[in-house]
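Protein chains: 2
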Amino acid sequence: MSVFTAVTEDDLARWLGDYAVGRLVSFEGIAAGVQNSNFFVTTTLGRYVLTLFETVARADLPYYLHLTAHLAHHGLPVPAPVADRNNEYLGTLSGRPAALVRRLSGRWLTDPTPAHCTRVGAMLAGLHLAGQSYGRRQPHPRGAQWRAEVAERVLPHVGAEDAELLRTELAWQAQQDFDALPQGVIHADLFRDNVLWDGELIGGVIDFYFAGTDTLLFDLAVTVNDWCTMADGSLDAARSAALLEAYGDERAYTEHERRLWPAALRAAALRFWLSRIEDLHLPRSGEMVQVKDPNEYRRILVARIDGEARLPDRP
Amino acid sequence: MSVFTAVTEDDLARWLGDYAVGRLVSFEGIAAGVQNSNFFVTTTLGRYVLTLFETVARADLPYYLHLTAHLAHHGLPVPAPVADRNNEYLGTLSGRPAALVRRLSGRWLTDPTPAHCTRVGAMLAGLHLAGQSYGRRQPHPRGAQWRAEVAERVLPHVGAEDAELLRTELAWQAQQDFDALPQGVIHADLFRDNVLWDGELIGGVIDFYFAGTDTLLFDLAVTVNDWCTMADGSLDAARSAALLEAYGDERAYTEHERRLWPAALRAAALRFWLSRIEDLHLPRSGEMVQVKDPNEYRRILVARIDGEARLPDRP
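If you're matching them up, the sequences are chains Y and G in order.
Under our numbering, the first residue of the first sequence carries the number 3, and numbering increases by one thereafter.
Under our numbering, the first residue of the second sequence carries the number 3, and numbering increases by one thereafter.
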């Protein structure tokens, strides 16, 4: 259960009075989600999702809200925030920063086919292209600096073999010329549970709370590591080719991106191995984190070190 | 058939390259619509509608495109335009001004129940409330001045009885104090064929090309005259009450609006009687107008003159 803050019907009905979305018909808490309290809200005019922000600082919220508004403005299926009658996205409800967003249709998919991966690759490229004209900037909060810092914090908590792998890998990654790669706004967490499928189409991409500016190739690697990996951690060739070709159709790869693709896959694997180790050994108080197995991403990292991934040739 | 301008697959695929909506999968002309050429467009990322504007002047289009963007921004189900990579809504395709909008789901309804009319009343109020913060202005193109001018043009073409009714009604309406009524952006054409139903909810409100600033009460009267009228032209009490109560729940009626409600119904009836007479007797060349029976709105006008409509009392 992930509703951390209760909302009363009276308070919500009154709060909706600041919007032009009609009267409250019904609402219910949403079980999924670990960072915020979310509610499905139905009014006389439509279906929305109410989010009470539990952990993101209020000052950081405009970046995310305006980003999804910008992407929706460019035709992408993201949870666009609804402006109130004063043209504001962010309000306060039950003592928390609160926003209303459009409810998207669709459901998660656990076993994607290459055809699904084609859609995901095209969608990620669409996000990257539309993000180029987004005016606000913040650094990707799980970038190279974060990875180095978290590694220091978790090293005392892991076994000798893991510590050695971590140190060696960080040192190797520090020598790669990631800085010269094309940058932009990245989603940074485009996992299967952040994409809603409406039949064969993507009905929604959600959860932009790790977004920020970083290399586009890193975002692609995060996405491929989740959508195109087999149980042993190695890449599924068909799904990976489908996703990468669809992405490359929209935004042509640079030569430097081709060279650094294996390194990007390793950096992306390391990022999630580190955060999972941290969630396991150093949980933050007051945050309800769903602890996921760190070894899944250790396996992926090792498979990427051993593997020979490459971006598809030009058509 | 209402596709006036042809689009080739190659041209459309190239044109979509200016957007971040993925690759063209398929497209087809839409039969409905009398003013523009419309196409359903499916890309790898979603479903859209392409409009080539055939009759609206290019200079007037930003008012409509930004209006629907503004209303969507406030959470209302309208066809929001998609911005291209340069953040522009309006492009050129096949030599016509062209825009891509989000495709809405739902279908028209010919026989609304009071429950449907409740939704329509709430939606119209939502449009009026959200419209209050819209920054651009243009006069409603079918306002009192247009009605007086068109009456002059059509008078020579109608019979003596109709001419007498027209003259008397215009003279009576000119004496009503419409100017002191609350004003704002009105849709001005919220007929049944401009509302798409997605089950019990309104999935979309379309066709804003008569929108402009005028009295909100006039818009309400246009809507009631279409949604709540029986075959003999008189008001259906249950549907009318449902629509007006739902609207009044969102925006309380002023005393002046209560006094002028019968007059607003007559002005709204006259507006469509006039435009239908004009379409019948003075069709504009180059425009494919679906000629509708003027007598339907003559009957409604006469029924409103004879009737005793009133806005619902406060709850």
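Quick reminder that beta carbons are idealized off the backbone N, C-alpha and C, glycines included.
Minimum C-alpha distance to residue i - residue among the options
i: G:Ala8; options: G:Gly19, G:Phe41, G:Trp17; result: G:Phe41
i: G:Arg253; options: G:Ala132, G:Glu56, G:Glu171; result: G:Ala132
i: Y:Asp308; options: Y:Arg300, Y:Pro314, Y:Gly77; result: Y:Arg300
i: G:Pro116; options: G:Trp229, G:Asp251, G:Asn297; result: G:Trp229
i: Y:Val207; options: Y:Pro184, Y:Asn89, Y:Ser107; result: Y:Ser107
i: G:Asp209; options: G:Leu192, G:Ser135, G:Ser96; result: G:Leu192
i: Y:Arg241; options: Y:Leu272, Y:Arg260, Y:Pro314; result: Y:Pro314
i: G:Asp86; options: Y:Leu95, Y:His75, Y:Pro79; result: Y:His75
i: G:His142; options: G:Ala162, G:Phe6, G:Gln185; result: G:Gln185
i: G:Phe274; options: G:Pro296, G:Tyr255, G:Ala71; result: G:Pro296
i: G:Trp148; options: G:Pro64, G:Gly214, G:Phe29; result: G:Gly214
i: G:Asn89; options: Y:Gly77, Y:Pro99, Y:Gly97, Y:Asn88; result: Y:Gly77
i: Y:Thr233; options: Y:Ala33, Y:Thr112, Y:Thr256, Y:Ala100; result: For the record, residue 233 of chain Y in the displayed sequence is Ala; it is not Thr. Comparing Cα positions, the closest option is Y:Thr112.
i: G:Glu202; options: Y:Ala33, Y:Phe29, Y:Ser39, Y:Gly48; result: Y:Gly48
i: Y:Ser236; options: Y:Arg60, Y:Val293, Y:Pro264; result: Y:Pro264
i: G:Pro64; options: G:Tyr91, G:Ala223, G:Ser96, G:Trp174; result: G:Tyr91
i: G:Gln175; options: G:Glu163, G:Arg60, G:Ala146, G:Asp164; result: G:Ala146
Whole-angstrom C-beta distance between residue j and residue i, which should lie under 8 angstroms
i: G:Leu52; j: G:Leu102; result: 6 angstroms
i: G:His189; j: G:Asp221; result: 6 angstroms
i: G:Leu262; j: G:Leu183; result: 6 angstroms
Min CB distance residue i to chain B below 8 angstroms
i: Y:Tyr50; result: Absent from the structure: chain B. Protein chains present are Y and G.
Cβ shell of residue i (< 7 angstroms), same chain only, five flanking positions each side left out
i: G:Thr45; result: Leu18, Val23, Gly24, Arg25, Leu26, Val27
i: Y:Tyr211; result: Gln37, Val58, Tyr66
i: G:Val84; result: Tyr21, Val23, Tyr50, Leu102, Val103, Arg104
i: G:Val293; result: Asp281, Leu282
6 angstroms CB neighbourhood of residue i in its chain, flanking five on each side removed
i: Y:Tyr50; result: Val43, Leu102, Arg105
i: G:Ala15; result: Leu26
i: G:Ala248; result: Thr120, Gly123, Ala124
i: Y:Ala244; result: Pro116, Cys119, Thr120
i: G:Glu298; result: none
i: Y:Val80; result: Thr70, Leu73, Ala74, Val207
i: Y:Arg306; result: Leu267, Arg268, Ala271
i: Y:Thr155; result: According to the sequence displayed, residue 155 of chain Y carries Arg and not Thr. So the list is empty, once near-sequence residues are dropped.
i: G:Leu219; result: Leu183, Glu259, Ala266
Straight-line Cα distance separating residue j from residue i
i: Y:Thr10; j: Y:Leu284; result: 34 angstroms
i: Y:Arg169; j: Y:Arg144; result: 18 angstroms
i: G:Asp62; j: G:Gly137; result: 15 angstroms
i: Y:Tyr21; j: G:Leu303; result: 35 angstroms
i: G:Leu267; j: G:Arg278; result: 17 angstroms
i: Y:Leu282; j: Y:Val160; result: 11 angstroms
i: G:Glu259; j: G:Asp238; result: 20 angstroms
i: G:Leu73; j: G:Leu129; result: 7 angstroms
i: G:Gln134; j: G:Val187; result: 7 angstroms
i: Y:Ala153; j: Y:Leu276; result: 7 angstroms
i: G:Leu157; j: G:Gln177; result: 20 angstroms
i: Y:Ile204; j: Y:Glu151; result: 36 angstroms
i: Y:Asp13; j: Y:Asp181; result: 48 angstroms
i: G:Pro114; j: G:Ala82; result: 26 angstroms
i: G:Pro99; j: Y:Glu310; result: 49 angstroms
i: G:Leu246; j: G:Glu257; result: 15 angstroms
i: Y:Val226; j: Y:Ser39; result: 29 angstroms
i: G:Arg139; j: G:Leu126; result: 19 angstroms
i: Y:Thr94; j: Y:Ala223; result: 37 angstroms
i: G:Tyr255; j: G:Asp179; result: 16 angstroms
i: Y:Gly97; j: Y:Thr231; result: 42 angstroms
i: G:Arg312; j: G:Leu167; result: 23 angstroms
i: G:Arg286; j: Y:Leu54; result: 54 angstroms
i: G:Arg60; j: Y:Arg60; result: 41 angstroms
Cβ shell of residue i (< 8 angstroms), same chain only, five flanking positions each side left out
i: Y:Trp110; result: Arg194, Asp195, Val197, Leu198, Trp199
i: G:Glu280; result: Val152, Arg155, Val156
i: G:Phe29; result: Val9, Glu11, Leu14, Phe41, Phe42, Val43, Thr44, Leu52
Query raised in the report: Taking Cβ-Cβ distances below 9 angstroms as the criterion, which residues of the stretch 224 to 254 of chain Y are in contact with chain G?
Result: Ala248, Asp251, Glu252
Report task. Could you list the residues in the stretch 28 to 46 of chain Y with a C-beta less than 7 angstroms from some C-beta on chain G, going in chain order? Result -> Thr46
Requested in this report: Report the residues of the stretch 65 to 90 of chain G with a CB closer than 9 angstroms to any CB of chain Y, ordered along the chain.
Outcome: Ala71, His72, Leu73, Ala74, His75, His76, Gly77, Leu78, Pro79, Ala82, Pro83, Val84, Ala85, Asp86, Arg87, Asn88, Asn89
Query - Contact set between the stretch 192 to 224 of chain Y and chain G, restricted to residues whose Cβ is under 8 angstroms from the partner - result: Leu203, Ile204
**Report entry** Chain-ordered residues of the stretch 90 to 114 of chain G with a beta carbon less than 8 angstroms from chain Y
**Finding:** Leu102, Arg104
Requested in this report: Could you list the residues in the stretch 130 to 143 of chain Y with a C-beta less than 9 angstroms from some C-beta on chain G, going in chain order?
Outcome: His130, Leu131, Ala132, Gly133, Gln134, Ser135
Query - Interface residues of the stretch 4 to 23 of chain Y facing chain G [CB-CB below 7 angstroms] - result: Tyr21, Ala22, Val23
Query - Members of the stretch 169 to 186 of chain G near chain Y, C-beta cut-off 9 angstroms - result: none
Report task. Residues of the stretch 259 to 286 of chain G with a CB closer than 9 angstroms to any CB of chain Y: list them in chain order, please. Result -> none
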